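Chemist:
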Amino acid sequence: MITSKSRPLAIAAIPILRVSARVVLEKGRGWSAIDELVLWAFSIKARSATQMASELNLPRRVILEIVYRMMRFRLIEAVLLHGVPAFQATVYGSAIVLHGEEIPTLQRRFSRKIAFVVDKITGTVFPKRDVRVENAGALTAFKESGAAVHEIEVRGQKVQTSPSQNVARFQEILNPDETLIYFDGDTLIERDDEYIIVTADGHDLRGLPAKAPAQLKSQVVYALSLPVSGKKVVMNSLISKGDEPIVPLMARIDFDPRTDLIVGGQEHMDAFHAILATASRRIYLHSSFLKKDSFDNVVDLMRGAVRRGARIDIFWGAGSPNEPKEKTLLEATAISKAISGDDSLRGSVTIHLRSTGSHAKLIVADDGLGGWIGAIGSCSWLFSKFDRLEVTAILRSPAIVAQLVSSFCKLIAQPGFRPEVGSELYLLGNALRLQPQQGKMTAGVVSGQMHEALLRHASGTAEKRFLIASDRLGNAAFANAIIPAEHFHSRTGLTPVVVYSQNSGAIAEAGAAMSVAVEALARGVQVVSPSESFHAKFLLWGEDDVVITSLNMGSATISPDLPMGELGVHLSGSQIASHLIDRLRGWWAFL
């Protein structure tokens, strides 16, 4: 019998998720904030190491260590200052400071297999090497040898395993000088039938790393204090649900409505072609629907992007992941066949043959100049004939592009999509968030039920105008559009407008649309269907607020289970609503 000081060995079995994969890393020591401060100071004027140490209140040897390392990177050079040895930033080092660029490092890229475990009680991540992991068979063996085994069962919130979450966990267990580039999805292994083994020796717990949180330790102590009954010790999960915010997180941005607000079919074609014609590293595209003909229209531009070094991933969202729209799947398959038969595209362009289930229309791409841009709005880029009225926002400021990248990452964080792409997007979003915010406007990405929250906010606060544009007017017209508009009217006495292009659902029946328009007018709401069809979807109120989106606010109902099913952007400031109204008057005479 296994004993400890004449007592049976007490074992707590903590249920875990174990994840392993082959990862690609870059190894190399980075630069600290102190390093950057020293380079900045030397770019202002030459100083001796003693002067710099005195000014920064640091030991002289620390300054010298920083200087010698920077000299190896040609960032700092030695000079004579009044006959005394001193240092100053080189032209190269000064240029890095001036342009706010990242200080370069010597990094070596390599791959290795790593693994971590996540305890199901608190969600804490541990390197697998730091804990003892056993399966259910080992627990049986412990019991048969006489150990007092306390097997824990956790109920409630489960450990989530999206690509972005796994990227963060892999990075968490790496060494400080290692940076994760991506993990190979083909080598990813997840097991949720194993346990961390913790033994009790008096008041000491053996098997829990020092970083284990107090909550986890207290739960283990509680489990070990119970008499062994042959039943599992049931505990509630302490993992946070991580609910999505109900309103967008607004960031300061630069946005020029004259160039970044895209209105009309031709402007969308020009903007799409410009993105494909300038990207040289990466293009991520989500088009809710697809047509092979639309792909053929831009295939030469894609070949050009690939020749410049770009890789392209194409996603689509018609139907659902388990029940995709058959017609769209056939078009995606035809595009895939064309890519595989094209020597220029094969290996650099990927179309994913699984639906995301999202109606969003997105592009994220590099701008060919070291920056990144995003496009979000109503246009299905690989389906549209560019012959209808569309509205899209082109986003250039890092803070809002970071939000769009993160939403894209969440959109494809589901089974069936290669986690490498999610990893890339997650890391890109993190890098963009580190850049400073600037600009006269604010913006935030709008997802799922945030649309409803913004509709309520707009109808309850707008003082000048209120307009909803929806491609379709359907069964949800009153709840989603007319009632919020009526609330605006009751507050202000002004006439809000709901614009739609076509009827759907029960409203498609003969005379139904007219009945809706008549009842809406009785509520103080003008419902208009312009003679010229359009596909734009947006909400605007007052002078300064516009939400450009993929959501048909006059027909679609948002599912809380699909937070990325509809995506848009809230732009605020610089009279953006008035500017959009002015642009639309060329199409809609009633404005």
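Residue numbers (this note's numbering): 264 to 854.
For every residue, glycine included, the Cβ atom is placed at its ideal position computed from N, Cα and C.
Since we're looking at a predicted model, the values are computed, not measured.
(1) What residue range is occupied by the uninterrupted alpha helix (DSSP H) comprising Thr462?
(2) Tell me whether the beta-carbon of Ala676 lies closer than 8 Å to the beta-carbon of Ser425.
(3) Following the continuous beta strand (DSSP E) through Phe680, name the residue where it begins and the one where it ends.
(4) Taking 8 Å as the cut-off, does the region 744 to 752 touch the region 776 to 792 (at least 3 CB pairs, one atom from each stretch)?
(5) What three-state label does DSSP hand Ser374 in the structure shown?
(6) Can you name, in chain order, every residue of its own chain whose Cβ lies under 8 Å from the Cβ of Arg323, other than the five neighbours on each side?
(7) Would you give the residue range spanned by the beta strand (DSSP E) that Arg281 belongs to?
(8) Cα separation between Ser551 and Phe646?
(9) According to the Cβ coordinates, are Val684 and His833 closer than 8 Å?
(10) Which of the three DSSP states, helix, strand or coil, is assigned to Met827?
(11) Ile602 and Ile614: beta carbons closer than 8 Å?
(12) Apart from the five residues just before and just after Leu487, which ones in its own chain have a Cβ nearer than 7 Å to its Cβ?
(13) Using the three-state DSSP reduction, which class does Ser267 fall into: helix, strand or coil?
(14) For Asn233, which three-state DSSP category applies?
(15) Quick check on Trp294: does DSSP put it in helix, strand or coil?
(16) Please state if the CB of Val779 and the CB of Val760 are separated by a distance shorter than 8 Å.
(17) If I'm right that Gly831 touches Thr812 with Cβ under 8 Å, what's the distance once you round it to whole angstroms?
(18) Taking the C-alpha atoms as reference points, what is the distance between Asp517 and Thr387?
(19) Is Ile657 closer than 8 Å to Ala534 when the C-beta atoms are compared?
(20) Given Asp456, which residues of its chain have a CB within under 8 Å of its CB, disregarding the five upstream and five downstream residues?
(21) List the DSSP bridge partners of Trp579.
(22) For Arg515, which of Phe853, Arg292, Gly836, Ile844 has the nearest alpha-carbon?
(23) Take the Cβ of Asn286 as the centre, count every other Cβ of all protein chains shown within 10 Å, and call the residue buried at 16 or more, exposed below.
(24) Check whether the Cβ atoms of Leu803 and Leu757 sit closer than 8 Å, and answer yes or no.
(25) Could you check if Thr266 is buried or exposed, using at least 16 other CB atoms within 10 Å of its CB as the buried criterion?
(26) Assuming Lys800 and Ala732 make a contact with CB atoms under 8 Å, what is their CB distance in whole Å?
(27) Tell me whether the beta-carbon of Leu338 lies closer than 8 Å to the beta-carbon of Ala309.
(28) Label Tyr445 either buried or exposed according to how many other C-beta atoms from any shown protein chain fall within 10 Å of its C-beta, with 16 as the threshold for buried.
(29) Going straight from the alpha carbon of Gly580 to that of Gly692, what length do you get?
(30) Please look up how many angstroms separate the CB atoms of Ser500 and Ile329, rounded, as I've assumed it's under 8 Å.
(31) For His842 and Leu652, which I take to be in contact (beta-carbon distance under 8 Å), what is that distance rounded to the nearest angstrom?
(32) Does the separation of the CB atoms of Phe690 and Val430 fall below 8 Å?
(33) For the putative contact between Ile279 and Asp393, defined by C-beta atoms under 8 Å, what is the C-beta separation to the nearest angstrom?
(34) Just the Cα atoms here: how many angstroms apart are Phe405 and Gly448?
(35) Take the Cβ of Arg848 as the centre, count every other Cβ of all protein chains shown within 10 Å, and call the residue buried at 16 or more, exposed below.
(36) So Ser753 and Arg735 are in contact, right, with Cβ under 8 Å, and what is the actual spacing, rounded?
Modeler: With the structure as the only source:
(1) DSSP places Thr462 in no alpha helix (DSSP H) but in the uninterrupted beta strand (DSSP E) bounded by 452 to 464.
(2) Ala676 is a Cβ neighbour of Ser425, given a cutoff of 8 Å.
(3) Careful: Phe680 lies outside any beta strand (DSSP E) and carries neither H nor E.
(4) Touching, per the Cβ criterion.
(5) Looking at Ser374 - three-state DSSP - the assignment turns out to be strand.
(6) Beyond the five residues adjoining it in sequence on each side, Arg323 comes within less than 8 Å, by CB distance, of Ala312, Thr313, Ala316 in the same chain, given in chain order.
(7) Counting along the chain, the unbroken beta strand (DSSP E) around Arg281 starts and ends at 273 to 290.
(8) Distance between the alpha carbons of Ser551 and Phe646 is about 8 Å.
(9) Going by C-beta atoms, Val684 is not nearer than 8 Å to His833.
(10) Three-state result, Met827: coil.
(11) Ile614 is positioned such that its CB atom lies closer than 8 Å to that of Ile602.
(12) Exclusion of the five residues before and after Leu487 leaves Ala273, Ala275, His413, Ala463 as the residues of its chain whose Cβ lies within less than 7 Å of its Cβ.
(13) With a pLDDT of 45 at Ser267, under the threshold of 50, the predicted position of this residue should be treated as unreliable, though the coordinate-derived value follows. Strand at Ser267.
(14) Since the first residue shown for the chain is 264 and the last is 854, residue 233 is missing from the structure and cannot be characterised.
(15) Trp294 carries a coil assignment under DSSP once its states are collapsed to helix, strand and coil.
(16) The answer is no: Cβ separation not under 8 Å.
(17) With a beta-carbon spacing of about 3 Å, Gly831 and Thr812 fall inside the 8 Å limit used to define contacts.
(18) Going by the C-alpha atoms only, they are around 39 Å apart.
(19) Yes, the pair counts as a contact, with Cβ atoms nearer than the cut-off.
(20) Hits under 8 Å: Asn398, Ala399.
(21) Answer is Ser550.
(22) Considering only alpha carbons, the answer is Gly836.
(23) A quick correction: the sequence has Val, not Asn, at residue 286. Under this definition Val286 is a buried residue.
(24) No; because the gap between Cβ atoms is not below 8 Å, this pair is not in contact.
(25) Confidence at Thr266 is low in this model, with a pLDDT of 46, below 50, so its placement is unreliable and the value that follows should be read with caution. Residue environment analysis places Thr266 among the exposed positions, since fewer than 16 neighbouring C-beta atoms fall within 10 angstroms of its C-beta.
(26) Right, their Cβ atoms sit about 6 Å apart.
(27) Taking 8 Å as the cut-off, the Cβ atoms of Leu338 and Ala309 do not count as close.
(28) By the 10 Å Cβ count, Tyr445 comes out buried.
(29) Cα to Cα, the separation comes out at about 22 Å.
(30) Going by Cβ atoms, the distance from Ser500 to Ile329 rounds to 46 Å, so no, they are not a contact pair.
(31) Actually they are not in contact, since the Cβ atoms of His842 and Leu652 sit about 16 Å apart, beyond 8 Å.
(32) Note that residue 690 corresponds to Leu in the displayed sequence, not to Phe. Against a cut-off of 8 Å, the Cβ pair of Val430 and Leu690 comes out as a contact.
(33) Under the criterion of beta carbons closer than 8 Å, Ile279 and Asp393 do not qualify as touching, at roughly 12 Å.
(34) Roughly 35 Å separates the two Cα atoms.
(35) Looking at its Cβ environment, which holds fewer than 16 other Cβ atoms inside 10 Å, Arg848 is exposed.
(36) In this structure, Ser753 and Arg735 do not form a Cβ contact; the two beta carbons are roughly 26 Å apart against a cut-off of 8 Å.
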